[in-house]
Amino acid sequence: MKIESARAALSLLLVLVTFLIHYRFFEVQRLDQPIDYWGDALFSAGFVKACEQGSYTPFLMKNVWTHGAPGVASWDDFPVPEQLPMCAVGWLARVVGLFRAINLAYLGAMLVAALALYAVMRALRVRWPIAVLLSAVYGISPYAVGRTVHHFNLIFYWHLPFVVLTCVWLASRAGITWRSRKFQVAIATAVTVGLHNPYYLNFALQLVVLAGLAGHLRRGRAPGRGLKTMFAMLCVTVGTALLVNAHVLVNVARNGANPHVASRTASDLERFALKPIELLLPHQPHVFEPFQKNAERYDRQQRILQSERSYLGLIGALALLATLVAATLGAMKKQSSLPADLGLSTAWLLLYASPAGLNAVTGLVGFTLFRATNRASIVIMTLALIAGGRMLSAAARRVKTVWLLLALVAIAPLALWEQLFPRLTPAQVEQMHARADSDRVLMEQLQARVAKGSRIFQLPVVGYPEESFEPFRPFLHAEGLSFSFGAMRGRPEAEFQRRIATLPPRAMVDELSNSGFSAIWIQGDASGLFRAMSADFRVDLLTSPDGSSSVILLPAR
Numbered sequence: 015m016k017i018e019s020a021r022a023a024l025s026l027l028l029v030l031v032t033f034l035i036h037y038r039f040f041e042v043q044r045l046d047q048p049i050d051y052w053g054d055a056l057f058s059a060g061f062v063k064a065c066e067q068g069s070y071t072p073f074l075m076k077n078v079w080t081h082g083a084p085g086v087a088s089w090d091d092f093p094v095p096e097q098l099p100m101c102a103v104g105w106l107a108r109v110v111g112l113f114r115a116i117n118l119a120y121l122g123a124m125l126v127a128a129l130a131l132y133a134v135m136r137a138l139r140v141r142w143p144i145a146v147l148l149s150a151v152y153g154i155s156p157y158a159v160g161r162t163v164h165h166f167n168l169i170f171y172w173h174l175p176f177v178v179l180t181c182v183w184l185a186s187r188a189g190i191t192w193r194s195r196k197f198q199v200a201i202a203t204a205v206t207v208g209l210h211n212p213y214y215l216n217f218a219l220q221l222v223v224l225a226g227l228a229g230h231l232r233r234g235r236a237p238g239r240g241l242k243t244m245f246a247m248l249c250v251t252v253g254t255a256l257l258v259n260a261h262v263l264v265n266v267a268r269n270g271a272n273p274h275v276a277s278r279t280a281s282d283l284e285r286f287a288l289k290p291i292e293l294l295l296p297h298q299p300h301v302f303e304p305f306q307k308n309a310e311r312y313d314r315q316q317r318i319l320q321s322e323r324s325y326l327g328l329i330g331a332l333a334l335l336a337t338l339v340a341a342t343l344g345a346m347k348k349q350s351s352l353p354a355d356l357g358l359s360t361a362w363l364l365l366y367a368s369p370a371g372l373n374a375v376t377g378l379v380g381f382t383l384f385r386a387t388n389r390a391s392i393v394i395m396t397l398a399l400i401a402g403g404r405m406l407s408a409a410a411r412r413v414k415t416v417w418l419l420l421a422l423v424a425i426a427p428l429a430l431w432e433q434l435f436p437r438l439t440p441a442q443v444e445q446m447h448a449r450a451d452s453d454r455v456l457m458e459q460l461q462a463r464v465a466k467g468s469r470i471f472q473l474p475v476v477g478y479p480e481e482s483f484e485p486f487r488p489f490l491h492a493e494g495l496s497f498s499f500g501a502m503r504g505r506p507e508a509e510f511q512r513r514i515a516t517l518p519p520r521a522m523v524d525e526l527s528n529s530g531f532s533a534i535w536i537q538g539d540a541s542g543l544f545r546a547m548s549a550d551f552r553v554d555l556l557t558s559p560d561g562s563s564s565v566i567l568l569p570a571r
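Per the numbering used here, the very first residue in the sequence shown carries number 15; after that it's consecutive.
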């Protein structure tokens, strides 16, 4: 056991060192500073901050008192199924601070993903040097590095290897007997799937059904070993997901559906679909110039571009090709094997997630919930690496371990480096940190002038969610304040903000003061508005050190 733990630790060490180098922790990055401070990264940080302050609680109604002032924002219209792991990061932030918690959780998600794949590969008899390399590649995958903390909820994909392991058991001739140890693992996996991202849930349910039916046919329709477990997993997964999202259903029953909260169109299904060629095509920008030029050539020829690329990395791409070849040969010879089975599962996901695939067909009848099927790339990578690990182990069964270790030492640096996106320069990182520090300084000045629990109106007015997340910036550095931003689009609280924004300065001050607001936080230059308000009222102006934000303190009423 100690030897196996030491081997697994080698994989974790590879991920850790690569992470620290890539994000410049040996240069300018600090643990208490954000890795990214723009775009969706602000949404992720804002969500974690709401959990930290206790205004967002798992499983309960999402009445978020830190947002939607002068009322209370209801975030029940916009479900976040990963609320338990996200809130866990928020609870960690109470101890170590917001950005430390996010950075540690980001690294931790990579480490746990690597550890999970290593454990599953060893359970499937993959030789340990091969498992070390492939699990490290998986932990710091292009998927995780490309999404960073912008899509923070998507980096929790550690459970996917266990989904594949359960499917391998379901599809085997032995199956999963009721109440066995394997059955317990299968049910625990089902619960975990229900607690995480709905895209992963969607893909996992499909794989479970395919595996359950395949195993049922292989066993000559012998009862009790496959279908019962399959149905149990489906029920537990869906039941867990419904429990996590029960507040959404209660909110719809009370207040009706909100069609304005998020836009999902049939055209989105094409734009964000999985392009199979992009699984093999390096992203751009890329660290290798030939790969970079090839990616640029591809982008110039595309009519529909998206920011989320699906590249598996060089190791992942080779594993995918080998897995599909194994599936083809297995079908031609009518022989089943683990790589062939996983290759068929991969082919199914490609059929489902491609632009003209089965998901697009569902869009024709109005079901557009799963628009970003490019997220199937991490599931495909999971299948391919496990299948590739089995094939490599079979091919190298007579190769001495020492030679495999030498190959690991030679291949690992290149394989891991090739997967990374070029990071911000040290100067750009310092500029980003200066922006965050500037927001923090202005917030400290504001909190010294207003009481705890004060209401802060924000300009310009921005709809929530899925517009700009820049208005989250002041909230990330605040303690005990209530902000106008965050009122759910399509609800009365949001209309209040838009009405206030249309008022002339004098009427705006009167309305905000009467509604209990203590200040206005302006993203940008506030000198013109300040001059107009100071003509009729005694107001004070605070400005951030970098001039990107200002605060107008309103007269007390």
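Where is the CB? At the ideal position from N, CA and C, for every residue including glycine.
Pull up the DSSP beta-bridge partners for residue i, would you.
{"i": "W535", "result": "Q472 and V565"}
{"i": "N117", "result": "Answer by DSSP bridge pairing: none, since N117 is not bridged."}
{"i": "F497", "result": "H81 and I470"}
{"i": "A87", "result": "V78"}
{"i": "M502", "result": "Y478"}
With DSSP run on the structure shown, which of helix, strand or coil describes residue i?
{"i": "L556", "result": "strand"}
{"i": "Y478", "result": "strand"}
{"i": "F197", "result": "helix"}
{"i": "V78", "result": "strand"}
{"i": "M244", "result": "helix"}
{"i": "S391", "result": "helix"}
{"i": "M346", "result": "helix"}
{"i": "K414", "result": "coil"}
{"i": "D453", "result": "helix"}
{"i": "Q47", "result": "coil"}
{"i": "L209", "result": "coil"}
{"i": "P99", "result": "helix"}
{"i": "A540", "result": "coil"}
{"i": "G357", "result": "helix"}
{"i": "Q445", "result": "helix"}
{"i": "M405", "result": "helix"}
{"i": "Q511", "result": "helix"}
{"i": "Y214", "result": "helix"}
{"i": "L422", "result": "helix"}
{"i": "W52", "result": "coil"}
{"i": "V94", "result": "coil"}
{"i": "R520", "result": "helix"}
{"i": "V436", "result": "Checking the sequence shown, residue 436 turns out to be Pro, not Val. Of the three classes helix, strand and coil, the one that applies to P436 here is coil, per DSSP."}
Can you tell me whether residue i is buried or exposed, with buried defined as 16 or more other CB within 10 angstroms of its CB?
{"i": "G60", "result": "buried"}
{"i": "H274", "result": "exposed"}
{"i": "A465", "result": "exposed"}
{"i": "I291", "result": "exposed"}
{"i": "V146", "result": "buried"}
{"i": "T415", "result": "exposed"}
{"i": "S391", "result": "buried"}
{"i": "F73", "result": "exposed"}
{"i": "M15", "result": "exposed"}
{"i": "C181", "result": "buried"}
{"i": "C101", "result": "buried"}
{"i": "L231", "result": "exposed"}
{"i": "G253", "result": "exposed"}
{"i": "I17", "result": "exposed"}
{"i": "V264", "result": "exposed"}
{"i": "K76", "result": "buried"}
{"i": "M346", "result": "exposed"}
{"i": "R3", "result": "Only positions 15 to 571 of the chain appear in this structure, which leaves residue 3 out of reach."}
{"i": "E493", "result": "exposed"}
{"i": "N211", "result": "buried"}
Apart from the five residues on each side of it in sequence, which residues of its chain come closer than 7 angstroms, Cβ to Cβ, to residue i?
{"i": "G229", "result": "L184, A185, S186, G189 and G240"}
{"i": "R114", "result": "L45 and D46"}
{"i": "L422", "result": "P143, V146 and L147"}
Excluding five sequence neighbours on each side, which residues of the same chain lie with their C-beta closer than 6 angstroms to the C-beta of residue i?
{"i": "E432", "result": "L328"}
{"i": "T251", "result": "A204, V207 and G208"}
{"i": "V99", "result": "This sequence places Pro at residue 99; Val is not what is there. Within the same chain, P99 has close Cβ partners F170."}
{"i": "L106", "result": "A115"}
{"i": "S452", "result": "S558, P559 and D560"}
{"i": "N272", "result": "D91 and G504"}
Query - alpha helix (DSSP H) segments (min. 4 residues) lying fully within the segment 120-182 - result: DSSP runs (the alpha helix (DSSP H)) wholly in the segment 120-182: 142-153 and 156-161.
Query - Start-end ranges of the alpha helix (DSSP H) lying completely within the segment 259-324, minimum 4 residues - result: Segments of the alpha helix (DSSP H) lying fully in the segment 259-324: 260-269, 280-285, 290-294 and 303-314.
**Report entry** alpha helix (DSSP H) runs wholly inside the segment 359-383, at least 4 long, in chain order
**Finding:** List check, alpha helix (DSSP H) in window: 372-378.
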